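Peer 1: To convert, note that position 21 of the sequence shown is 1105 in the numbering used here; the numbers rise steadily by one, no gaps.
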Amino acid sequence: FETAMEDYDESETKQAKVSSICPICRKGFTNTTQLSILRPCGHVFCGSCCDKFVKKDGKCQTCAHKIKAKDVIVMRGEGSGFSGGGAKEARRFDVAFQ
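1) With a CB to CB cut of under 8 Å and the five nearest residues on each side skipped, what residues in its chain are close to S1104?
2) Look up K1154 in the DSSP assignment and say whether it is helix, strand or coil.
3) Alpha carbon to alpha carbon, how far is D1155 from R1110?
4) What separation, rounded to the nearest whole angstrom, lies between the Cα atoms of R1123 and S1132?
5) Taking C-alpha atoms, which residue in I1151, K1152 and I1108 lies nearest to F1129?
6) Going by the DSSP bridge assignment, what does C1130 pair with across the sheet?
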């Protein structure tokens, strides 16, 4: 048990908490939050902030990377809690090796 506690890194927990909020409105993401992921840079925003700021301005609010409408991936859950399984997943169907 002591070894496990020694390996526990508190900064990793803090980082996980920080990365689970929208960088624009600073609201926490939940199972019911609609998320938008930007393909070019990988930044994640809540759906409403993405619509209000990212799509309107045509750039990522975190890194200022240019964004087109086709670059926004909207994550839709299949339900909340137990019914949705709590799983949100992005899949990419491209050729693995070219």
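Ideal placement from N, C-alpha and C gives every residue a C-beta, glycine not left out. Because the structure is a prediction, the values reported are computed rather than measured.
Peer 2: Put simply:
1) G1112 and F1113
2) If DSSP states are grouped into helix, strand and coil, K1154 belongs with the helices.
3) 22 Å
4) 18 Å
5) Measuring from the Cα of F1129, the nearest candidate turns out to be I1108.
6) L1119
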